[in-house]
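**Student:**
Number of protein chains: 4
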Amino acid sequence: MGKRELYTSMGLGIDMALEAHDIVRGDTGQEIPGVRMDKKTYPNAEVSIIGIMDKSAEAMMGKPVGTYITIDAPEIRQNNKQVHNEIAEVLAEQLSSMLKIGPDDSVLLVGLGNWNATPDALGPRVINYTLVTRHLKKYAPQDLSGGLRSVSALAPGVLGITGIETAEIIRGVVEKTQPNLIIAIDALAAQNTERIATSIQLADTGIAPGSGIGNQRMGINRETMGVPVIAIGVPTVVNAAVIAQGTLDRFLQQLANNPALGQNAGSFNPIILENIIKEVLGPYKTNLMVTPKEIDDLIEAIGKIISGGISIALHPSVDPEEFHMYLH
Amino acid sequence: MGKRELYTSMGLGIDMALEAHDIVRGDTGQEIPGVRMDKKTYPNAEVSIIGIMDKSAEAMMGKPVGTYITIDAPEIRQNNKQVHNEIAEVLAEQLSSMLKIGPDDSVLLVGLGNWNATPDALGPRVINYTLVTRHLKKYAPQDLSGGLRSVSALAPGVLGITGIETAEIIRGVVEKTQPNLIIAIDALAAQNTERIATSIQLADTGIAPGSGIGNQRMGINRETMGVPVIAIGVPTVVNAAVIAQGTLDRFLQQLANNPALGQNAGSFNPIILENIIKEVLGPYKTNLMVTPKEIDDLIEAIGKIISGGISIALHPSVDPEEFHMYLH
Amino acid sequence: MGKRELYTSMGLGIDMALEAHDIVRGDTGQEIPGVRMDKKTYPNAEVSIIGIMDKSAEAMMGKPVGTYITIDAPEIRQNNKQVHNEIAEVLAEQLSSMLKIGPDDSVLLVGLGNWNATPDALGPRVINYTLVTRHLKKYAPQDLSGGLRSVSALAPGVLGITGIETAEIIRGVVEKTQPNLIIAIDALAAQNTERIATSIQLADTGIAPGSGIGNQRMGINRETMGVPVIAIGVPTVVNAAVIAQGTLDRFLQQLANNPALGQNAGSFNPIILENIIKEVLGPYKTNLMVTPKEIDDLIEAIGKIISGGISIALHPSVDPEEFHMYLH
Amino acid sequence: MGKRELYTSMGLGIDMALEAHDIVRGDTGQEIPGVRMDKKTYPNAEVSIIGIMDKSAEAMMGKPVGTYITIDAPEIRQNNKQVHNEIAEVLAEQLSSMLKIGPDDSVLLVGLGNWNATPDALGPRVINYTLVTRHLKKYAPQDLSGGLRSVSALAPGVLGITGIETAEIIRGVVEKTQPNLIIAIDALAAQNTERIATSIQLADTGIAPGSGIGNQRMGINRETMGVPVIAIGVPTVVNAAVIAQGTLDRFLQQLANNPALGQNAGSFNPIILENIIKEVLGPYKTNLMVTPKEIDDLIEAIGKIISGGISIALHPSVDPEEFHMYLH
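Chains as they are written, first to last, in the working numbering: chain A, 1 to 328; chain B, 329 to 656; chain C, 657 to 984; chain D, 985 to 1312.
#1: Can you pull the chain C neighbours of residue 1159 (chain D), defined as C-beta to C-beta under 9 Å?
#2: For chain A, is any of its Cβ atoms less than 8 Å away from the one on residue 491 (chain B)?
#3: State the Cα-Cα distance for the pair residue 1154 (chain D) and residue 821 (chain C), rounded to the nearest angstrom.
#4: Using beta carbons (cut-off 8 Å, strictly below), is residue 1206 (chain D) in contact with chain C?
#5: Please check the pair residue 832 (chain C) and residue 1152 (chain D), which I expect to be a contact at CB under 8 Å, by giving their CB distance rounded to whole angstroms.
#6: So, does the segment 510 to 518 of chain B touch the segment 434 to 449 of chain B, judging by three or more C-beta pairs under 8 Å?
#7: Less than 8 Å separating the beta-carbons of residue 302 (chain B) and residue 528 (chain B)?
#8: Around the C-beta of residue 1039 (chain D), are 16 or more other C-beta atoms found within 10 angstroms, so that it is buried, or is it exposed?
#9: Bridge partners for residue 139 (chain A) per DSSP, in chain order?
#10: Which class does residue 611 (chain B) belong to by DSSP, given the choice of helix, strand or coil?
#11: Per the contact definition of three or more C-beta pairs closer than 8 Å, is the segment 109 to 126 of chain A in contact with the segment 69 to 87 of chain A?
#12: Counting only beta-carbon atoms, is residue 1301 (chain D) nearer than 8 Å to chain C?
#13: What in chain D is Cβ-close to residue 791 (chain C), meaning under 9 Å?
#14: With DSSP collapsed to three states, give me the class of residue 389 (chain B).
#15: Using the DSSP secondary-structure output, state which residues sit across from residue 320 (chain A) in a beta bridge.
#16: In this structure, does DSSP put residue 621 (chain B) in helix, strand or coil?
#17: Going along the chain, which residues of the segment 620 to 640 of chain B sit with their C-beta nearer than 9 Å to a C-beta in chain A?
#18: Tell me which same chain residues have a C-beta within less than 7 Å of the C-beta of residue 388 (chain B), skipping the five on either side of it?
#19: Taking the alpha carbon of residue 790 (chain C) as the reference point, which residue from D:1078, D:1143, D:1018, D:1103 has its own alpha carbon closest?
#20: Just verifying my parser: in three-state terms, what is the DSSP assignment at residue 309 (chain A)?
#21: Kindly indicate which residue of A:253, A:3, A:273, A:131 has the alpha-carbon position closest to the one of residue 318 (chain A).
#22: Taking all protein chains shown into account, do 16 or more other C-beta atoms lie within 10 angstroms of the C-beta of residue 19 (chain A), making it buried, or fewer, making it exposed?
#23: Should residue 846 (chain C) and residue 891 (chain C) be called a contact, given that it needs their Cβ atoms to be closer than 8 Å?
#24: Pull up the CB-CB distance for residue 907 (chain C) and residue 248 (chain A), whole angstroms please, since I reckon it's below 8 Å.
#25: Quickly, what does DSSP pair residue 1227 (chain D) with across the bridge? List them, please.
#26: List the whole-angstrom C-beta distance separating residue 211 (chain A) from residue 13 (chain A), where the pair is believed to meet the contact cut-off of C-beta under 8 Å.
#27: Any beta-carbon of chain D closer than 8 Å to the one on residue 547 (chain B)?
#28: Can you check whether the CB of residue 101 (chain A) is closer than 8 Å to the CB of residue 351 (chain A)?
#29: At a CB-CB cut-off below 9 Å, which residues of chain D make contact with residue 807 (chain C)?
#30: Would you call the segment 1026 to 1042 of chain D and the segment 1258 to 1265 of chain D touching, i.e. three or more CB-CB distances under 8 Å?
#31: Residue 448 (chain B) bridges to which residues according to DSSP?
#32: Return helix, strand or coil for residue 237 (chain A), following the three-state DSSP convention.
#33: What does residue 289 (chain B) touch in chain D if you count any residue whose Cβ is under 7 Å from its own?
#34: On a CA-only basis, which of D:1140, D:1145, D:1073, D:1269 is nearest residue 1299 (chain D)? Give me that one, please.
#35: Might you give, ordered along the chain, the residues of its own chain that have their beta carbon closer than 6 Å to the beta carbon of residue 963 (chain C), omitting 5 neighbours on each side?
#36: Measure the C-alpha to C-alpha separation of residue 1287 (chain D) and residue 865 (chain C) and round it to an integer number of angstroms.
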C-alpha cells in the first residue's frame, strides 16, 4: 500500500502539491503525465512551480488543474529580519506572477482558521497585520489613498465558532463588496517537520473542500465565489500519523536493504500497518498535531512575512521598504 | 446651552436611551410627550423600560421609535457568580419579552467592535463565549441538537481592520444564511461611570448609524438588514468630555445656589464652556475614554453574563443551570 | 535495547512516575523491589499511588525516593463542569494527603513554564487563576482574611526570558517571604496521548533537574529551597520521538508474533532503531511536540481544575462550592 | 488651594518630575530653589533634565534628590518606524548619561505592573521584547555572547496577583543574582493626555513608594535594593480626577479674567471644588483612568522603543541597526 492510499484510508489529505508530487512520483518512479515542474533558486529560498495541466494529472495528484508555487525557505527559522524581508520579496514576486488583475482592481484577503487555536490561527493573524485600504479609497481624499489598490480583509472564523460554513460567509461578503480577486490565507499540514512555518504554497486554484487544518467543507474557489481565488498556505503542523507512517516506512526500507532479516517483509498486510498507526495515535486519531516547541514565535514570523509579501505585490508603486518597516 | 446641544456640537452621541431620557427631561423639567417609562425592581437589578411611541418623541429623544430596556445591576462589580447568574436570568427574561420568534426560527448573533481594543472588544468576546448550534441542526443527528434553536454567530471586525462597512458584511451573511432575527452586541459609552460594565440596554430598534464606541456608519436594523434586529449594548467607557462637562455643570450649579458669587453665571457664553472642554481634552478630542482600572476583569464578567442570558432566552427548553455552568 | 535506554541515549526523560513504572516493569517483567503501588477508584478518576522507598528503587525508576500520586481522569475531555468539579475535589483530597502543614503555615505556589508557549504555559495560567491571600493576611483586617491560609504565587518565567535559573528566582523569593511549603505547577511530557491534559501527577519530591517541558537545570526541591516542595505536573504534550518509538515497538511485536516474517527481528541493532527515529524527527530532534488540535481549550480546563483543587485543599474551612463558582 | 494640595488631599501623586516642576512653579511663580533645569532639542524629541539638588527642593517637588530626564516625543503617535528608531536612540543616549557601570557590570531589568491590565502592562511587555544575555554569558561559549553585557529580566507581577510586595520579590532575586544595576520599567499617570505613550521619564532615584499606576507600597531604589536603580517610566493614563480638576481650573481662570462675572470666584472654598470632583468621579474615585481609544497600539509602539533604547545603551559595541531590526 502506498502512502497516499494509506492516508486516504485514514481520512488524511496531502495539503501541499509539492509533497503530493513527491509521493506520487515515489510510488510510480517516474514523472507524472500532464504535470510540469520548474525550479528557481534564490539566495535564501528554493521555489518549485508545479503545473497540473489536465484531468488525468488532476486525478493522480489529487489536486485540481492549476499552478502551485512552493517557496521553501528554511532560513526563516534563523530569526534574521533581513532574511525575512528577502523572503517577503520572493513571495511578492511569485504572487505577482499569479495576479491577473488591473491596477484599479480590488482584492479581498480572507484569513481562514480558528483564532483560538495557535497553529490554526495563521490566517486571522495575517489579517490583523494587514494594511487595508478599501475604506480609504471609498471615504478619504484622493491624496490619502493615491497609488494604493483597494484591499479589504476578513477573518470569518470557523464552523465551530460561527455555526456557518466559512465559504457561505465569504460568498455573502463577496456579493456585497464585489472584489475582483480573493486571496485566502490558510494553515496547512505538511509531510515534513522542516517545512513547518518555513514553506509557503501559492495556488491559483483556491482552496479545495476538506483541505487545510480547519478542513473547510465547501471549497473556496472560482466556482463557489464567482471570482478568482489565490490560496496562500503555510504548513504549521505535521499530522502525528505522518510521523508514525514515516517511521514504519523507514523501518521497512531497512528490512528491504537487509535480506537476511526481512526477505518476507514486502508481503506485510497493509491493514496491519494501518492498525499499528491507529494504535499509536489512540483516541485522538488523526487530530494529533506535531509542532516544534517554538511554534508561537514561528507563526508570528511567517505571518509578518506573508502580510508583507502580499502588500508588496498588491501595491507595486509603493517602495517595499515601507512595508518592511511597518510589518516588523 | 443644554447638555444635548453641547454634545451635538462636539459630535458626541448619547448611546443609552435611559440617559437621553434623563437629559431631555432635565432640560424640559417634565415628562416627554410620546414617551412612556416603566420600572421593575429585581433583588440585584433595576429595570427601566422606555417606549418611544411617536416621531415627535423620536426627535426629542434622538432615538428611533421603539422599546428600550435598561438593566442597571451595580452588584456585578462584586464578582459574586451567584449574583452574575441572577442577572443573566433577568437579562434572559427581558430579552424574551422582546423576542417575537417561533420555536423553529433561527438567530444570528453579531459581536460588533474591535477585538484589539479592550473596551471595544465586548461584542467579539461574547461571540467567543457563545454556544452556536446552527451547524449541529444542519449537519448532526437530531439527538445532538434536539431542543436547541439554530444559533449562528459572527464577529465581523471594524472598518479599520476590514476596510468594509460592518453593516455590509452582516448583510451579506444574512442574505446567505437567512436568519429570522439578528441580535447585535455592542460596547457603548455612558454618561455615568457607575454604569460601566454594570448596565445592559436592550433595544428592539437595532443599532442606529453613528452609535456605539466603534461608531458604525450604517445602521444595523430592520431597514438595512431585512429582518428584525435586537441590540444589546453595554457601556464600557465614559467619554472624557462627559467628565469635563459634568464638572462644569456641577460648578455652575454651585454658582447658581450661591448668588453672592455667581449672580451672573447663567449668562455664560456656551462657546466658552465648549472651549474649556476642548482645551482640557487636548489633541485626542472626543477620542479620550474613561475606564476603571479593573476594566479587563469587568468586561470578562459582563461578557459571560450577556452570553449566558442570551443562551437562556434562546433555548427556553434547556435548564438555565446548564448555561451558568458552561459560561463561567 | 529497552525504551528507557533509548530515551536516555536521545536525551529524553520520562516525566511521570506511573509511566516510568510501567516501562521498568515492562522491561523486567515483575514488580520492582523497593517500589509499592496502590490504586483507588473514583467515579470519574483512577488514582495510582507509587512509593519509591529506597535508593535501589530510585535508581531503577530514575525518580527520587518519595510518593507519586497520579490521577487519571479522561472524562476531563468531555467538558462537563460538574465532572471538572468532582476531579478538582479528588485532587484536593490527594493533595491534602501530602500536606504536612499546620493551619497557620503559609504556602507559595510557583507556576513554572513559558507563558508565551501554549503547551508550556500551564503553570503561569494556574497562577493567574489562583486566589492569593498573603497580602490580605498581612495588610487587611482580620474579617477579610479569616479562615484563609496565607497563599502567595509566583510565575518566574523561563531561562530564555529571564536569563536567570528559575530555581534561583524562587530561592530568592523563598528567603524573603519564608513560606512553609512550596507547591510547584509544571507542564510535563507523557508517553501516551490519552494522558494529555487529563492526568495530574503529585510528587512530594519536588521537581528534579532536567524534568518538565521547560527542562529546569536546577532542581526545585527541599534541598535547593530549604522547605518541602510538592510538584503538581500535568502532561500537555507527548514527544514526537515517543510516537516514532511506539510505532517501531508495535511493529517489532508484530514481527515477533509472526515468526515466518521476522525470525531474526530480535537481533536488530538498537542503533538502527535510534537512527530511524532521528531521521523521522529531522532537525528539530526531540523538540517536536505532539498535541491534540483542541490543546488551548484543554489547558484552560485543566488549569482551572488544578487551581480549584489547590484552593480547596489549602483552605479546608471554606465550602468547596465557593471555589467551583469562582474558578469556572 | 493649589493643584498639589488638592491631589494630596485626594490621595493622588504626581508621577512625572517635569509636571511636578510645572505645578510647583505655577503655584509659586518662580524658579524653585535647589532645582536646576536644562533643555535639549532633538529633531523629533524635546529633552528636559531636572536636577533636584537638596532636601528643601525635594520637599517642594515631592520627589527625592536626583536627576530626572524627560523625553517628550509626540511624534511617536505618527506610527513611523524611522521616527521610532530615532527616539529609541535618544533614549539610549540619555540612559547612557545616567549609567555609571563598567563594561563587565551586569544589569537586571524589572518590568513592573499587571500583565492583565492593558495600561499597566507596559513593564511586563518590555520584558517580553527584551534580549536577555545573562544565561549566554554564563552557560554558552564565548563567541555567542562576545561583546554583550550580562542582562537579565524579571516581570514580578503585582501584589494582587502574587500576594507578595513586588519589592520583596526583586530584592530576593537581587540577592541571588547580584546585578550591578537595576533598571525598572513602570507605567505612570500624567497630567496631560498628550504625554500618554509619548513621554519617557528616566530617574536615577529609582521608584519611590506609592508611585506608578500600580502604586508600589515599598520603594524600589538603592536603599531597598542595595544597588543603584534607574527608573524608566512612561505615562499610559491620565487620572480622571486630573481632567475634572483641569476643567475647574480653566473655568476659574475664565472667571478671573472676566471680573463682571466672577469678582468673588477666588474666594471659593477649596472643599467645594474637591467635592465637585469627587461627585463627578463617583464610586470609582481616583481609580478612573483616561486613555485614548488606540491605547493598545500605542503601548505596543512605546514598549518596543523602550526595549530598543535600553538594548542600544547596554550593548554599546553592537550596531543599533541590529536592535531596530529585531525589535520591530
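Ideal Cβ placement from N, Cα and C applies to all residues, glycine included. Being a predicted model, the structure only gives us computed values, none of them experimental.
**Tutor:** Per the coordinate set shown:
#1: Along the fourth sequence, read from residue 1 onward, the residue named residue 1159 (chain D) stands at position 175. In chain order, 828, 831, 832 make up the part of chain C whose C-beta sits under 9 Å from the C-beta of residue 1159 (chain D).
#2: Translated into positions along the second sequence, residue 491 (chain B) becomes position 163. Closer than 8 Å to some Cβ of chain A, the Cβ of residue 491 (chain B) qualifies, so yes.
#3: Start at 1 with the first residue of the fourth sequence, and residue 1154 (chain D) comes out as number 170. Start at 1 with the first residue of the third sequence, and residue 821 (chain C) comes out as number 165. Distance from the CA of residue 1154 (chain D) to the CA of residue 821 (chain C), rounded to the nearest whole angstrom, comes to 15 Å.
#4: For the purposes of this step, residue 1206 (chain D) is taken as the residue at position 222 of the fourth sequence. Residue contact with chain C for residue 1206 (chain D): absent (no Cβ-Cβ distance below 8 Å to any residue of chain C).
#5: The sequence position of residue 832 (chain C) within the third sequence is 176, counting from 1. The sequence position of residue 1152 (chain D) within the fourth sequence is 168, counting from 1. So it is a contact: roughly 5 Å between Cβ atoms.
#6: Contact between the segment 510 to 518 of chain B and the segment 434 to 449 of chain B is present: three or more C-beta pairs spanning the two stretches fall below 8 Å.
#7: Residue 302 (chain B) cannot be examined here, being either before or after the span of chain B that is shown, 329 to 656.
#8: Translated into the one-based positions of the fourth sequence, residue 1039 (chain D) becomes position 55. Exposed.
#9: Against the first sequence, residue 139 (chain A) aligns to sequence position 139. Note: residue 139 (chain A) sits in no beta bridge, so no partner.
#10: The residue labelled residue 611 (chain B) in the question sits at position 283 within the second sequence. If DSSP states are grouped into helix, strand and coil, residue 611 (chain B) belongs with the helices.
#11: Flag = no, the segment 69 to 87 of chain A and the segment 109 to 126 of chain A do not touch.
#12: Looking up residue 1301 (chain D) in the fourth sequence gives position 317. It does not; no Cβ of chain C falls within 8 Å.
#13: Within the third sequence, the letter at position 135 stands for residue 791 (chain C). Neighbours of residue 791 (chain C) on chain D, chain order: 1143, 1144, 1146, 1147, 1148, 1149.
#14: The residue you call residue 389 (chain B) lines up with position 61 of the second sequence. The three-state secondary structure of residue 389 (chain B), taken from DSSP, is helix.
#15: On the first sequence, position 320 is the one that residue 320 (chain A) refers to. Answer is none; residue 320 (chain A) lacks a bridge partner.
#16: On the second sequence, residue 621 (chain B) is found 293 positions in, with the first residue counted as 1. Coil.
#17: So nothing in the stretch comes that close.
#18: Taking the first residue of the second sequence as position 1, residue 388 (chain B) is located at position 60. Residues of the same chain with a CB within less than 7 Å of the CB of residue 388 (chain B), apart from the 5 flanking positions on each side, are 352, 360 in chain order.
#19: Position 134 of the third sequence, counting from 1, holds the residue named residue 790 (chain C). Ranking the options by Cα distance to residue 790 (chain C), first place goes to D:1143.
#20: As a working mapping, residue 309 (chain A) is identified with position 309 in the first sequence. Reduced to three states, the DSSP call for residue 309 (chain A) is helix.
#21: Counted from its first residue, the first sequence places residue 318 (chain A) at position 318. Just measuring C-alpha positions, the residue of A:253, A:3, A:273, A:131 sitting nearest residue 318 (chain A) is A:131.
#22: Mapped onto the first sequence, residue 19 (chain A) falls at position 19. Residue 19 (chain A) should be labelled buried.
#23: Numbered from its first residue, the third sequence carries residue 846 (chain C) at position 190. Numbered from its first residue, the third sequence carries residue 891 (chain C) at position 235. Yes, the pair counts as a contact, with Cβ atoms nearer than the cut-off.
#24: Position 251 of the third sequence, counting from 1, holds the residue named residue 907 (chain C). Position 248 of the first sequence, counting from 1, holds the residue named residue 248 (chain A). With 8 Å as the limit, residue 907 (chain C) and residue 248 (chain A) qualify as a contact, their Cβ atoms being about 6 Å apart.
#25: Here the question's residue 1227 (chain D) lines up with position 243 in the fourth sequence. Answer is none; residue 1227 (chain D) lacks a bridge partner.
#26: As a first step, residue 211 (chain A) must be located in the first sequence, where it is residue number 211. As a first step, residue 13 (chain A) must be located in the first sequence, where it is residue number 13. About 6 Å separates the two Cβ atoms, so the contact holds.
#27: In the second sequence, the residue the question calls residue 547 (chain B) occupies position 219. Chain D, which has no Cβ nearer than 8 Å to the Cβ of residue 547 (chain B), makes this no.
#28: No information on residue 351 (chain A) is available, as it lies outside the stretch 1 to 328 that chain A covers here.
#29: Counting from 1 along the third sequence, the entry for residue 807 (chain C) is found at position 151. What residue 807 (chain C) touches in chain D: 1147.
#30: Judged by Cβ distances under 8 Å, the segment 1026 to 1042 of chain D makes no contact with the segment 1258 to 1265 of chain D, as fewer than three pairs qualify.
#31: As a first step, residue 448 (chain B) must be located in the second sequence, where it is residue number 120. Paired residue(s): none; residue 448 (chain B) is not in a bridge.
#32: Against the first sequence, residue 237 (chain A) aligns to sequence position 237. Of the three classes helix, strand and coil, the one that applies to residue 237 (chain A) here is strand, per DSSP.
#33: Nothing can be reported for residue 289 (chain B): it is not among the residues displayed for chain B, which extend from 329 to 656.
#34: Translated into positions along the fourth sequence, residue 1299 (chain D) becomes position 315. Selected option, being the one with the closest Cα: D:1073.
#35: For this step, residue 963 (chain C) is matched to residue 307 along the third sequence. The answer, listed in chain order, is 782, 785, 786, 983.
#36: As a working mapping, residue 1287 (chain D) is identified with position 303 in the fourth sequence. As a working mapping, residue 865 (chain C) is identified with position 209 in the third sequence. Taking C-alpha positions only, residue 1287 (chain D) is separated from residue 865 (chain C) by approximately 34 Å.
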